[in-house]
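> Residue numbers (our numbering), protein chains in the order written: chain A, 522 to 784; chain B, 363 to 632.
Just so it is clear, CB atoms sit at the ideal spot from N, CA and C, and this is done for glycine as well.
Take a look at the following structure, please.
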Amino acid sequence: MILRHLRLYRVFWENCLAREMEFRANFWANVVTNTGWLFFFVAFMKVIYLNTQRVAGWTEGEALVLTGTYGVVQGLFGIVAYQNLSRLPELIRLGTLDFVITKPVNAQFLVSTRYVKLDSVGNLIGAAVVIFYGLSVAEIAVTPAGFLAYLYLLVCGLAIYYGFYLLVMTLAFWFIRVENLAVLSDMVFHIGRYPMDIFQGWARLTFIYVIPLAFIASFPARALFGKLEPHFLGVGALLAVALLAASAAFWKVGVRSYSSASS
Amino acid sequence: MTALVPGLRKWTTVFSVFLQDGLAYRGQAVIWMMTNTVPAVIMPIVWLASYGGRSQIGGFSPSQMVSYYLVTLCLSNVMITHVMWDMAMEIREGRFSVFLTRPFSYMAYQFAGNLSWRLMRGALFVPIFLVCAAIFRPYLRWEGYHLGWTFWAAVLGGHLLSFCVSYTMGLLALFFVEVRSIYMFYYMPFTFLSGELVPLALLPKWATALAQMLPFRYTLAFPVEIFMNRLSPGEMGYGFVMLAGWLIVMFLASRVLWKKGLRHYTGVGM
Numbered sequence: 522m523i524l525r526h527l528r529l530y531r532v533f534w535e536n537c538l539a540r541e542m543e544f545r546a547n548f549w550a551n552v553v554t555n556t557g558w559l560f561f562f563v564a565f566m567k568v569i570y571l572n573t574q575r576v577a578g579w580t581e582g583e584a585l586v587l588t589g590t591y592g593v594v595q596g597l598f599g600i601v602a603y604q605n606l607s608r609l610p611e612l613i614r615l616g617t618l619d620f621v622i623t624k625p626v627n628a629q630f631l632v633s634t635r636y637v638k639l640d641s642v643g644n645l646i647g648a649a650v651v652i653f654y655g656l657s658v659a660e661i662a663v664t665p666a667g668f669l670a671y672l673y674l675l676v677c678g679l680a681i682y683y684g685f686y687l688l689v690m691t692l693a694f695w696f697i698r699v700e701n702l703a704v705l706s707d708m709v710f711h712i713g714r715y716p717m718d719i720f721q722g723w724a725r726l727t728f729i730y731v732i733p734l735a736f737i738a739s740f741p742a743r744a745l746f747g748k749l750e751p752h753f754l755g756v757g758a759l760l761a762v763a764l765l766a767a768s769a770a771f772w773k774v775g776v777r778s779y780s781s782a783s784s
Numbered sequence: 363m364t365a366l367v368p369g370l371r372k373w374t375t376v377f378s379v380f381l382q383d384g385l386a387y388r389g390q391a392v393i394w395m396m397t398n399t400v401p402a403v404i405m406p407i408v409w410l411a412s413y414g415g416r417s418q419i420g421g422f423s424p425s426q427m428v429s430y431y432l433v434t435l436c437l438s439n440v441m442i443t444h445v446m447w448d449m450a451m452e453i454r455e456g457r458f459s460v461f462l463t464r465p466f467s468y469m470a471y472q473f474a475g476n477l478s479w480r481l482m483r484g485a486l487f488v489p490i491f492l493v494c495a496a497i498f499r500p501y502l503r504w505e506g507y508h509l510g511w512t513f514w515a516a517v518l519g520g521h522l523l524s525f526c527v528s529y530t531m532g533l534l535a536l537f538f539v540e541v542r543s544i545y546m547f548y549y550m551p552f553t554f555l556s557g558e559l560v561p562l563a564l565l566p567k568w569a570t571a572l573a574q575m576l577p578f579r580y581t582l583a584f585p586v587e588i589f590m591n592r593l594s595p596g597e598m599g600y601g602f603v604m605l606a607g608w609l610i611v612m613f614l615a616s617r618v619l620w621k622k623g624l625r626h627y628t629g630v631g632m
């Protein structure tokens, strides 16, 4: 069953690659734009560190690794699922969701992964460059354990990002104007760009346990530096699994309540 | 009263139509405002976590830094206009042709419409402002800030400049189809050079100097700096001269683009 879906994903990949290569100029324009935003954030970091040595205990190099890490997660999510989920309200509104749920594969998988947005690869490569640059500035020696913890938490962070965004977009089954909610959730997720340690008290707890932005970039980065309390590795996995399960369940509820365009 | 001033009636009508239109989209409006508000709340939190025991960063005490962002947020809602998006859409969809036959200037029409939108946005912003003020209450302190006529002149002038700039950018849609990327080239430097992201004094020296020459600062940071008593009389005078200069330049640019644009424009879908 999983094999079938993986084979299908390979078809999506080849199909989308062919499509992108048809509109090469557009593809490169998007890559340039995405990379541009990354430089914007790096410039922004530089301006902040022009005026201070540390932000909530994070040095400039560490903050650069953080920005890069966020870019990596965002890039990966963008390639695989972001645009697809963003189109869900439209699919529901126009009734074209019918073509998805009547296919003999898992509808959630189809809705989430149909189009592979390869131009986000610019984001990804740029972000990786920023991470390496940050590591050199911070003069941090990365241990194998730290690196593994980093990768592990990146996966958790991706799962959390996906689960959360799916939860928000599933609201489209009941609310027509969910695009605005998507914009708002994007804004909230952008907070994940900043070191979690700027928040104290209940805000900090919210961003670790309720809207787990900390796992998208802050905690992976800290794990890379070897500065993360080990119990968060467990918390990350728990939250990832919980969000994936909750979003999948909510999705099923949404599909059940979906009345298609024609009868 | 409208009978007394001939021609006023068409403006009040335009204004009220835009107002009703705006009210229909008030949910979306609140969401748009939140996208501005979240960074404006996060930035002071970032700075507050960066003082590390120091009393000031770039000449701003914690209280002043928070006040700066709060005031900038208020003014950005009131002053900054984004008419280029609607204009570009109207032009692209060919609805623009209708305005060429109407008995008033397109620029004045956009200005009247924008005014009603400002009013609505200002009203919707009040609860957001109260929440932000509540969040930062421990840091807010009135330090003899200036609300005299120079401040209001800068606010009014800055708003007019912002309108002229965005209107002129909207007119670019008469020449190009893909104006979105052009607008991005405006927004990116805008966030840095207008004082929206960080106070201009905190930028590298060359950037601060650049900001004094470009129009972005005069659409936002200039009145904020007057309010917070950060300008000497000489600096203020220089600012007003630049503001007036850019107003004239952008107004003339809009006139030129209008004439040339109409010749270039082919009515799509009419």
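What residues in its chain sit with their C-beta under 6 Å from that of Trp695/A, if we drop five residues either side in the sequence?
There are no such residues.
> Output the distance between the C-alpha atoms of Glu583/A and Trp620/B, rounded to the nearest integer angstrom.
About 50 Å.
> Which chain A residues sit within Cβ distance under 9 Å of Ala496/B?
Under the 9 Å cutoff, chain A gives no residues; its nearest Cβ is about 14 Å from Ala496/B.
> According to DSSP, which residues form a beta bridge with Phe422/B?
Paired residue(s): Ile419/B.
> Just list the residues that DSSP pairs Val704/A with in beta bridges.
Val704/A is not bridged to any residue.
> Near Thr570/B, which residues of its chain fall below 6 Å by C-beta distance, leaving aside the five closest residues on each side in sequence?
Answer for Thr570/B: Leu562, listed in chain order.
> Measure the alpha-carbon distance for Val704/A versus Phe720/A and round it to whole angstroms.
Distance between the alpha carbons of Val704/A and Phe720/A: 23 Å.
> So, does the CB of Val630/B fall closer than 9 Å to a CB anywhere in chain A?
Note that Val630/B scores 49 on pLDDT, short of 50, meaning its location in the model is unreliable; the coordinates nonetheless yield the value given after this. Cβ-Cβ to chain A under 9 Å: no for Val630/B.
> Apart from the five residues on each side of it in sequence, which residues of its chain come closer than 7 Å, Cβ to Cβ, to Tyr431/B?
Closer than 7 Å at the Cβ level, and outside the excluded window around Tyr431/B, lie Ala402, Met405, Pro406.
> Would you give the residue range spanned by the alpha helix (DSSP H) that Ala535/B belongs to?
No alpha helix (DSSP H) holds Ala535/B; DSSP gives it neither H nor E.
> Report all residues from its chain with a CB closer than 6 Å to the CB of Phe552/B; omit the five preceding and five following residues, and keep chain order.
Phe578, listed in sequence order.
> What residues match up with Val576/A in a beta bridge as DSSP calls it?
For Val576/A, which the question treats as bridged, DSSP gives the partners Trp579/A.
> Counting only the same chain and skipping the five closest in sequence on each side, list residues whose C-beta sits under 7 Å from that of Ile442/B.
Closer than 7 Å at Cβ, skipping near neighbours: Ser524, Thr581, Leu582.
> Using 8 Å as the cut-off, can you tell me whether the stretch 649-665 of chain A makes contact with the stretch 587-605 of chain A, which would need three or more C-beta pairs spanning the two stretches below that distance?
Touching, per the Cβ criterion.
> Excluding five sequence neighbours on each side, which residues of the same chain lie with their C-beta closer than 8 Å to the C-beta of Phe829/A?
Any answer about residue 829/A is impossible in this case: the structure gives chain A only from 522 up to 784.
> Should Leu555/B and Phe491/B be called a contact, given that it needs their Cβ atoms to be closer than 9 Å?
No, the pair does not count as a contact, with Cβ atoms beyond the cut-off.
> What residue range is occupied by the uninterrupted alpha helix (DSSP H) comprising Glu455/B?
Unbroken run through Glu455/B: none, as it is neither H nor E.
> Quick check: Leu764/A and Pro733/A, are their CB atoms within less than 9 Å of each other?
In contact: Leu764/A and Pro733/A (Cβ atoms closer than 9 Å).
> Following the continuous alpha helix (DSSP H) through Thr374/B, name the residue where it begins and the one where it ends.
Per DSSP, Thr374/B belongs to the alpha helix (DSSP H) from 370-386.
> Out of Met449/B, Val460/B, Leu502/B, which one is the CA nearest neighbour of Phe422/B?
Cα-wise, what sits closest to Phe422/B is Leu502/B.
> Give the straight-line distance between the Cα atoms of Ala670/A and Phe630/A, rounded to the nearest whole angstrom.
Using only the alpha carbons, I get a separation of about 27 Å.
> If you draw a straight line from the alpha carbon of Ile453/B to that of Leu760/A, how long is it in whole angstroms?
Between Ile453/B and Leu760/A, the C-alpha separation is close to 48 Å.
> Determine, for Tyr636/A, whether the minimum Cβ-Cβ distance to residues of chain B falls below 9 Å.
So no, Tyr636/A is outside the interface.
> Kindly indicate the opening and closing residues of the alpha helix (DSSP H) around Phe584/B.
Note, Phe584/B: alpha helix (DSSP H), 583-589.
> Alpha carbon to alpha carbon, how far is Met566/A from Gly647/A?
Distance between the alpha carbons of Met566/A and Gly647/A: 15 Å.
> Which residues of chain A have a Cβ atom closer than 9 Å to the Cβ of Thr397/B, listed in chain order?
Going along chain A in sequence order, the residues near Thr397/B (Cβ under 9 Å) are Val704, Leu705, Asp707, Met708.
> Determine the burial state of Gln472/B: buried for a count of at least 16 other Cβ atoms within 10 Å of its Cβ, exposed for fewer.
Gln472/B should be labelled buried.
> Ile393/B and Asn701/A - do their beta-carbons sit closer together than 9 Å?
A contact, by the Cβ cut-off of 9 Å.
> State the CB to CB distance for the pair Phe589/B and His508/B, rounded to an integer number of angstroms; the pair is presumed to be in contact (CB under 8 Å).
Sure, about 6 Å apart at Cβ, within 8 Å.
> Can you name, in chain order, every residue of its own chain whose Cβ lies under 6 Å from the Cβ of Gly775/A, other than the five neighbours on each side?
Here the set comprises Thr691, Phe694.
> Along chain B, in chain order, which residues have C-beta atoms closer than 7 Å to that of Phe565/A?
Under the 7 Å cutoff, chain B gives Leu559.
> Got a sec: which bits of the stretch 570-599 of chain A sit with their beta carbon under 7 Å from any beta carbon on chain B, in order along the chain?
Going along the stretch 570-599 of chain A in chain order, one finds Leu571, Asn572, Thr573, Arg575, Val576, Ala577 with a Cβ nearer than 7 Å to chain B.
> Residue range of the alpha helix (DSSP H) that Lys622/B falls in?
595-626 is the span of the alpha helix (DSSP H), which, as asked, contains Lys622/B.
> In the DSSP assignment, the alpha helix (DSSP H) including Leu570/B goes from what residue to what residue?
Contrary to the premise, residue 570/B reads as Thr rather than Leu in this sequence. Segment 567-575, the alpha helix (DSSP H) holding Thr570/B.
> Listing by chain order, which chain B residues have their CB less than 9 Å from the CB of Val568/A?
Here the neighbours are Phe554, Leu559, Val560, Leu564, Leu565, Pro566, Ala569.
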